[in-house]
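Numbered according to this note's numbering, the sequence shown spans residues 1 to 267.
Beta carbons: idealized from backbone N, C-alpha and C, even for Gly.
Nothing here was measured: the structure is a model prediction, and the numbers come from that model.
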Amino acid sequence: MGRNRGTGMWNAKGVRCAVTVLAAALVLPGCAQDGGEGGNEGAPGKAGTSVSASADPTPSESYAQPEDWTDPQRWVALPRGKRTDEHGSEIEFPRTTEGAVAALAASSNSTVEGSTSHVDEQLRLYYSYVAKEDQSEAAAERVELGSIDNGKVIARDMGLKPGAPMPPGAYVRSHVIGYQVIEQSQDEVSVWLLSRVTQKAGETAEEEGSYARLLFGAKWEGTDWKLSVKATRHAQEATADKPKPKIVAPGDAAFNAAGWTAIRQAS
Numbered sequence: 001m002g003r004n005r006g007t008g009m010w011n012a013k014g015v016r017c018a019v020t021v022l023a024a025a026l027v028l029p030g031c032a033q034d035g036g037e038g039g040n041e042g043a044p045g046k047a048g049t050s051v052s053a054s055a056d057p058t059p060s061e062s063y064a065q066p067e068d069w070t071d072p073q074r075w076v077a078l079p080r081g082k083r084t085d086e087h088g089s090e091i092e093f094p095r096t097t098e099g100a101v102a103a104l105a106a107s108s109n110s111t112v113e114g115s116t117s118h119v120d121e122q123l124r125l126y127y128s129y130v131a132k133e134d135q136s137e138a139a140a141e142r143v144e145l146g147s148i149d150n151g152k153v154i155a156r157d158m159g160l161k162p163g164a165p166m167p168p169g170a171y172v173r174s175h176v177i178g179y180q181v182i183e184q185s186q187d188e189v190s191v192w193l194l195s196r197v198t199q200k201a202g203e204t205a206e207e208e209g210s211y212a213r214l215l216f217g218a219k220w221e222g223t224d225w226k227l228s229v230k231a232t233r234h235a236q237e238a239t240a241d242k243p244k245p246k247i248v249a250p251g252d253a254a255f256n257a258a259g260w261t262a263i264r265q266a267s
């Protein structure tokens with residue numbers, strides 16, 4: 001998926017969704033390749049749980065963002081977590097709906113560059129943000145093995161050597177830029193997330209990118225919100241017969257019509 005800087009066009013070119021090896025390993029929403037509706041069917045998970053996937057990295061084979069900027073009607077600066085854990089992740093978000101959204105966004109944000117590999121990032125997200133009841137040695141192994149495979153595919157797409165550290169100026173980043181709340185309660189919150197995935201093969205290479213729509217659910221666990229298979233299954237049940245929000249970038253008038261809330265970066 002390459003971006004034409006002159007026109008604002010994002011056209012399909014095999015950009016992979018970097019955030020979802022973790023999700024796929026836990027039978028949570030995965031990432032479809034090169035656009036298209038729907039996603040991957042979930043295999044049976046822990047205790048027989050099965051959750052199908054629903055995520056799209058692009059709205060279509062090409063997406064042309066309008067040249068005229070339209071301010072998002074809804075902006076939110078999400079709360080920060082109270083502390084950073086031993087894996088370097090921000091945790092302990094407030095027990096509010098926006099706190100749950102912040103935790104889910106954090107669980108979907110990743111940066112692979114320099115000596116930080118896809119395996120490093122996905123295992124960090126797994127140990128920091130997945131509910132304890134959904135963690136196991138088998139799940140951690142699936143995350144690790146899936147991250148290795150996914151990293152090789154992404155490296156080949158970028159014209160880089162699989163398994164080698166990123167060269168100077170190269171990166172793969174995923175960052176949540178918008179959301180829609182589906183259901184909310186004191187103990188469980190489900191949302192659609194709108195994520196921007198970008199990659200650059202080196203200092204002189206052009207940045208390429210795509211957008212992904214992700215469906216996640218969080219449960220309150222002790223002192224924090226955690227990514228949960230059960231809560232995500234509830235989210236899928238709640239949205240089963242409803243249209244999915246359109247994938248459009250902030251600044252596009254259709255962003256407002258689609259019902260997204262933009263995330264303002266806290267200073």
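Asked, Found
"Out of Gln265, Arg74, Arg95, Ser228, point me to the one whose CA is closest to Thr134's CA.", "For the record, residue 134 in the displayed sequence is Asp; it is not Thr. Asp134 has its Cα closest to that of Ser228, out of Gln265, Arg74, Arg95, Ser228."
"Just tell me which of His118, Pro165, Thr232, Trp260 has its CA closest to the CA of Leu104.", "Thr232"
"If you measure between the beta carbons of His87 and Arg124, is that distance less than 7 Å?", "yes"
"Taking 7 Å as the limit between beta carbons, can you name the residues of its chain near Asp187, skipping five residues before and five after?", "Lys219, Trp220"
"Alpha carbons only, please: which of Trp192, Ser185, Ile177 is nearest the one belonging to Thr198?", "Ile177"
"How should Gly217 be labelled, buried or exposed, when 16 other C-beta atoms within 10 angstroms of its C-beta is the threshold for buried?", "buried"
"With DSSP run on the structure shown, which of helix, strand or coil describes Ala257?", "helix"
"Classify Gln199 as helix, strand or coil using the three-state DSSP reduction.", "strand"
"Kindly indicate which three-state DSSP category Arg95 falls into: helix, strand or coil?", "coil"
"Closest to Leu194 by CA distance: which of Gln236, Gly151, Gln180 is it?", "Gln180"
"By the three-class DSSP mapping on this structure, what secondary structure does Gly146 have?", "helix"
"Is it the case that the region 144-160 contacts the region 64-76, given that we only count it when at least three CB pairs across the two stretches are under 8 Å?", "no"
"Sort Ile247, Gln236, Asp252, Lys200 by Cα distance to Thr111 and report the nearest one.", "Lys200"
"If you follow the beta strand (DSSP E) that Val172 is part of, which residue opens it and which one closes it?", "170-184"
"Output the distance between the C-alpha atoms of Val191 and Ala240, rounded to the nearest integer angstrom.", "13 Å"
"Residues in the same chain with beta-carbon distance under 7 Å from Glu203, minus the five sequence neighbours each way, listed in chain order, please.", "Pro168, Gly169"
"Go to Leu125, then tell me how far its alpha helix (DSSP H) extends in each direction, as first and last residue.", "118-129"
"Arg233 lies in the alpha helix (DSSP H); which residues open and close that run?", "229-239"
"Is DSSP giving Ser136 helix, strand or coil here?", "coil"
"Pull up the distance between the alpha-carbon of Tyr126 and that of Ala140, whole angstroms please.", "7 Å"
"Of the residues Arg80, Ile148, Ile154, which one's Cα is nearest the Cα of Asp120?", "Ile148"
"Please list, in chain order, all residues of the same chain as Ala262 whose beta carbon is under 6 Å from its beta carbon, the five residues on each side excluded.", "Pro72, Trp75, Gly178, Pro250"
"In or out: Trp225 buried (at least 16 other Cβ within 10 Å) or exposed?", "buried"
"According to the neighbour-count rule (16 or more other Cβ atoms, all chains shown, within 10 Å of its Cβ), is Thr58 buried or exposed?", "Summary for Thr58: the model assigns pLDDT 36, below 50, so the residue's position carries little reliability, and this model does not support an answer."
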